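**Q**
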Amino acid sequence: MRKNLKNKAFTLIELLVVIAIIGLLATIVTVSINSARTKARDARRKADLKAIQTALEMYYDQYNHYPIVNGWQYSTGAQPWIRCTTCSGAGETTASISQYLPQVPTDPKNNIYGPWYTGRYTYAYYSSTGQTYDLVGQLENTSDPDRCANKCWIYHTPLANRPWCSPCLNNYGYSPYMYADH
Numbered sequence: 013m014r015k016n017l018k019n020k021a022f023t024l025i026e027l028l029v030v031i032a033i034i035g036l037l038a039t040i041v042t043v044s045i046n047s048a049r050t051k052a053r054d055a056r057r058k059a060d061l062k063a064i065q066t067a068l069e070m071y072y073d074q075y076n077h078y079p080i081v082n083g084w085q086y087s088t089g090a091q092p093w094i095r096c097t098t099c100s101g102a103g104e105t106t107a108s109i110s111q112y113l114p115q116v117p118t119d120p121k122n123n124i125y126g127p128w129y130t131g132r133y134t135y136a137y138y139s140s141t142g143q144t145y146d147l148v149g150q151l152e153n154t155s156d157p158d159r160c161a162n163k164c165w166i167y168h169t170p171l172a173n174r175p176w177c178s179p180c181l182n183n184y185g186y187s188p189y190m191y192a193d194h
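Just so you know, we're using our numbering here: the sequence shown kicks off at 13 and counts up by one.
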């Protein structure tokens, strides 16, 4: 009794097809996971900026102005990163916002200052008068409905009422993926 072994083995082509299918499935899963991570980081950015905005409003309620700074402050800088540089109120200190938000959030990537250009993930704050402020970050998800290109976020200071990003009649060339939430 002799068995035919040829019919019981896989051919090279069959193995290559199976390997290709496994590779394709792995690629699809990886892309899906990366997309979910991007959306999760953007959700955190929005929540962070909302928490900071709430703390700024509490600060305003106590001192009748927002923390006044001499230039943009970035989450990549010294901590707490939103602090007045021109403190004038009684009890006001350079760590003033941290009394309302003990851990002032930073961007999940927090890779470089200045969120105005695509690929720079940080938060930025500015208020020269203490009566208005700008608080911005940048989103990773290019199809997020809250990005600047769709909402046409505007400056509150120092270029009051001018749009942040280029799709909104702005010739600064700033990223269309910026997020300001106010």
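Quick reminder that beta carbons are idealized off the backbone N, C-alpha and C, glycines included. None of the values given here were measured: they were computed from a predicted structure.
1. So what's A161 in DSSP terms, helix, strand or just coil?
2. Closer than 6 Å by C-beta to T134: which residues in its own chain qualify, once you throw out the five before and the five after it? Chain order, please.
3. In the structure shown, what three-state DSSP assignment does Q143 receive?
4. Comparing alpha-carbon positions, which option in S155, E152, P188, T154 lies nearest I166?
5. So I109 and Y71 are in contact, right, with Cβ under 8 Å, and what is the actual spacing, rounded?
6. At 3 residues or longer, what runs of the beta strand (DSSP E) sit wholly inside the segment 23-100?
7. Which residues in the same chain have their Cβ closer than 6 Å to the Cβ of N9, if we skip the five residues on either side of it in sequence?
8. Roughly how many angstroms lie between the CA atoms of G142 and L151, to the nearest whole one?
9. Roughly how many angstroms lie between the CA atoms of D73 and I40, to the nearest whole one?
10. Near A63, what residues of its chain come up, given a Cβ to Cβ distance below 7 Å and the 5 sequence neighbours on each side ignored?
11. Can you grab the Cα-Cα spacing for the pair G35 / I25, in whole Å?
12. If I'm right that C164 touches P157 with Cβ under 8 Å, what's the distance once you round it to whole angstroms?
13. If I'm right that L61 touches L147 with Cβ under 8 Å, what's the distance once you round it to whole angstroms?
14. Would you report the Cα separation of C160 and K58, rounded to the nearest angstrom?
15. Is Q115 helix, strand or coil by DSSP?
16. Identify, in the order they occur along the chain, each residue of the same chain with its Cβ nearer than 6 Å to the Cβ of A10, setting aside the five sequence neighbours on each side.
17. Quick one: using the 10 Å Cβ neighbour count with 16 as the cut-off for buried, is I33 buried or exposed?
**A** If we stick to the structure as given:
1. helix
2. Y86, S87, T88, D119, N122, Y125, P127.
3. Of the three classes helix, strand and coil, the one that applies to Q143 here is coil, per DSSP.
4. P188
5. With a Cβ gap of about 6 Å, I109 and Y71 count as contacting.
6. If we require 3 residues or more, the segment 23-100 turns out to have no beta strand (DSSP E) run fully inside it.
7. Since the displayed the chain opens at 13 and closes at 194, residue 9 lies outside it and no answer follows.
8. The alpha-carbon atoms of G142 and L151 are separated by roughly 26 Å.
9. CA-to-CA, the gap between D73 and I40 works out to about 50 Å.
10. Around A63: L113, P117.
11. Taken atom to atom, the span from the alpha-carbon of G35 to that of I25 is near 15 Å.
12. Not a contact, Cβ separation roughly 13 Å.
13. 6 Å
14. About 13 Å.
15. Here Q115 sits in coil by DSSP.
16. Lying before the first or after the last residue shown, residue 10 is absent from the chain, which here runs from 13 to 194.
17. Classification for I33: exposed.
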